[in-house]
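Residue numbers (the working numbering): 441 to 882.
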Amino acid sequence: MLILSAIKKNQKREFDRKLALVSGKLWFEVKGILTFIVIIFVAALHFNSRNSWPVILLVVFWWSYIMLADLLVNRGKFFSNNSITWLIGKYRAFERKKPFQKAMLLRIYTLISGFGILAFFVFMFTCIALAERTEGLFFLSFFFSTIIAAYLVYRYIRRYKAMIDDMGRLCDHIKAIREGNTETKLELDKDADLYPVSRDLNTIQQGISVALEQQLKSERMKVDLITNVSHDLKTPLTSIISYVDLLSKEEDLPAHVKDYVGILAHKSQQLKSLINDLFDLSKATSKNIEVKNEKLSLSKLMQQVLGEFDEEIQASGLDFRVSIPQEPVYIISDGAKLHRVFGNIIINALKYSLVGTRVYVQLVVEGNKAVAEVKNIANYEMDFDEETILQRFTRGDKARTTEGSGLGLAIARHFTDLCGGEFRIKIDGDLFKVELSFNACT
441 MLILSAIKKN
451 QKREFDRKLA
461 LVSGKLWFEV
471 KGILTFIVII
481 FVAALHFNSR
491 NSWPVILLVV
501 FWWSYIMLAD
511 LLVNRGKFFS
521 NNSITWLIGK
531 YRAFERKKPF
541 QKAMLLRIYT
551 LISGFGILAF
561 FVFMFTCIAL
571 AERTEGLFFL
581 SFFFSTIIAA
591 YLVYRYIRRY
601 KAMIDDMGRL
611 CDHIKAIREG
621 NTETKLELDK
631 DADLYPVSRD
641 LNTIQQGISV
651 ALEQQLKSER
661 MKVDLITNVS
671 HDLKTPLTSI
681 ISYVDLLSKE
691 EDLPAHVKDY
701 VGILAHKSQQ
711 LKSLINDLFD
721 LSKATSKNIE
731 VKNEKLSLSK
741 LMQQVLGEFD
751 EEIQASGLDF
761 RVSIPQEPVY
771 IISDGAKLHR
781 VFGNIIINAL
791 KYSLVGTRVY
801 VQLVVEGNKA
811 VAEVKNIANY
821 EMDFDEETIL
831 QRFTRGDKAR
841 TTEGSGLGLA
851 IARHFTDLCG
861 GEFRIKIDGD
871 LFKVELSFNA
881 CT
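In structure tokens, the structure reads:
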């Protein structure tokens, strides 16, 4: 037999697997009862017939072989496939059909009911033992009831601990999604209490990933479109501006023609400014722009920008209250782009401030932060929020009574982000405040 098994090793392994597949379907209790029957049969055969050794050895060998093959192939399932596990499986299948809250309450009620049934049986056997004066029956019922109760408590605690661990993983996963990780999936066992929750969360996470991917794709297409259109418009616009400039230098033009040429010159420059804004915004949005960060004085830069707009400020009818330290406030940033940022903010204040009101421009150092603020009172009703006004082509003045493209603040925000700062807008009634903060350095 050993020689045959060594020669046909692969066939024997396949035979053992099929044998274990069949015997593994039997509960552990059934195997125990069958083993007990085999023992009784062998014992009866031995006592009734003295010449039954060959049959006894054959029966013992094959039953032992079947059980050993089952144990080696199925391993832990040899013991775990029992009536209790089957009942628990049926109970869990019934429990999974219930909502999570009701399933948890049902589990507690089931445990309490189990203890109640055990207590009833202990009480019943105690009464019988007292009536029959049989102490052994009392201790036997108490012993088995204690074992069953301990097993129920053990199963409940193990299940509860597994649920707590899964809940911790679920909370960590939600935190990861909040921080922007939408790729990693939460993998829980299908038998876990929180598996339906993890499955739904993974579905939501997948939807978020798809939506983000589509949004990013759409944004890239918008940026590419704006870049291409801006680039394509620049060449013909340059020609228009050149010919308008040549026309304006003609001396024998009638007065009304000169007026038309002046309007053309103004509008073409306005269009050029809009195209440049579009081009700069598309580059800033895609981060396809060179940033030259260096040490500079933010206070000096702000004073320089205000000086360049001095004529516009004097003609605006606004009272600019400036509070900028005389000593340098140093930061690490790109001076050219910050100049554009503060220029756009001042232009925004000049266009949309209520005539006769004050505009506050200040720079303060708070801890390790240099914070610049520009506050003004709007000349229109601000029925929008902070995020809306920062979108492209969005203007607070919906009537569009003033010139502008609605790109100024959007460019300022993107340029501030590229320069390593933070750009915030705060709206309180008619008060409009722009706040920029940078890491100060010495």
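Positions of the beta carbon are idealized from the N, C-alpha and C atoms, including for glycine. All figures in this text were calculated on a predicted structure; none of them were measured in a lab.
Just to confirm, are residue i and residue j a CB contact at a threshold of 7 Å?
| i | j | result |
| --- | --- | --- |
| F863 | L847 | no |
| T622 | Q645 | yes |
| D605 | L628 | no |
| F855 | V805 | no |
| F468 | N522 | yes |
| A590 | L558 | no |
| I786 | F749 | yes |
| A460 | A533 | no |
| A818 | F878 | no |
| N808 | A880 | yes |
| V482 | I473 | no |
| S414 | F565 | This structure cannot speak to residue 414, because the chain is shown only from 441 to 882. |
Give every residue of the same chain whose Cβ lies closer than 6 Å to the Cβ of residue i, excluding the five residues on either side of it in the sequence, and list them in chain order.
| i | result |
| --- | --- |
| V795 | G757 |
| L790 | E752, S756 |
| G775 | L736 |
| F719 | S670 |
| L511 | F518 |
| D870 | I817, A818 |
If I measure Cβ to Cβ from residue i and keep anything under 8 Å in the same chain, skipping five residues before and after, which residues do I get?
| i | result |
| --- | --- |
| D759 | G796, T797, R798, V799 |
| V745 | H779, F782, G783, I786 |
| L498 | none |
| D631 | R532 |
| M507 | S463, K471, T475 |
| L527 | none |
Can you check DSSP and say which residues form a bridge with residue i?
| i | result |
| --- | --- |
| L871 | I817, D868 |
| K735 | I772 |
| R798 | D759 |
| K621 | The question names Lys, yet the displayed sequence has Asn at residue 621. Note: N621 sits in no beta bridge, so no partner. |
| V804 | V811 |
| E691 | Beta-bridge pairing links E691 to no other residue. |
| F863 | L876 |
| C881 | Y770 |
| S722 | None; S722 has no bridge partner. |
| S793 | A818 |
Count the other CB atoms, across all protein chains shown, that sit within 10 Å of the CB of residue i; report buried if there are 16 or more and exposed otherwise.
| i | result |
| --- | --- |
| K815 | buried |
| R547 | buried |
| G861 | buried |
| K458 | exposed |
| R840 | Only weak support is given to the placement of R840: the predicted model assigns it a pLDDT of 48, under 50, and the value that follows is read from those uncertain coordinates. By the neighbour-count rule (16 or more Cβ atoms within 10 Å), R840 is not buried but exposed. |
| I771 | buried |
| N488 | exposed |
| C611 | exposed |
| A571 | exposed |
| V593 | exposed |
| V462 | exposed |
| V762 | exposed |
| L626 | buried |
| S679 | exposed |
Beta-carbon within less than 7 Å of residue i's beta-carbon, same chain only, minus the 5 sequence neighbours each way: which residues are those?
| i | result |
| --- | --- |
| K465 | none |
| K674 | I715 |
| N450 | none |
| G836 | Low local confidence applies: a pLDDT of 48 at G836 is under 50, so the model's placement there is unreliable, with the coordinate-based value given in what follows. Counting only Cβ-Cβ distances below 7 Å, and skipping sequence neighbours, we find Y792, A818, Y820, M822, F824, I829. |
| V697 | none |
| V500 | V482 |
At a cut-off of 6 Å, is residue i close to the ligand SAM when judged by its beta-carbon and the heavy atoms of the ligand?
| i | result |
| --- | --- |
| I617 | With respect to small molecules bound, the structure shown includes none, and the ligand SAM cannot be examined in it. |
Is it a yes or a no for the segment 662–669 touching the segment 719–733, going by three-plus beta-carbon pairs under 8 Å? Yes: the two stretches touch, three or more of their Cβ pairs being nearer than 8 Å.
Would you call the segment 499–519 and the segment 611–618 in contact, with 3 or more CB pairs under 8 Å? The segment 499–519, when compared against the segment 611–618, does not touch it at the 8 Å Cβ threshold.
On the three-pair Cβ rule with 8 Å, is the segment 698–717 touching the segment 677–690? Inter-segment contact for the segment 698–717 and the segment 677–690 is present: three or more beta-carbon pairs are separated by less than 8 Å.
Do the segment 693–702 and the segment 639–655 make contact, defined as three or more Cβ pairs closer than 8 Å? These segments do not touch.
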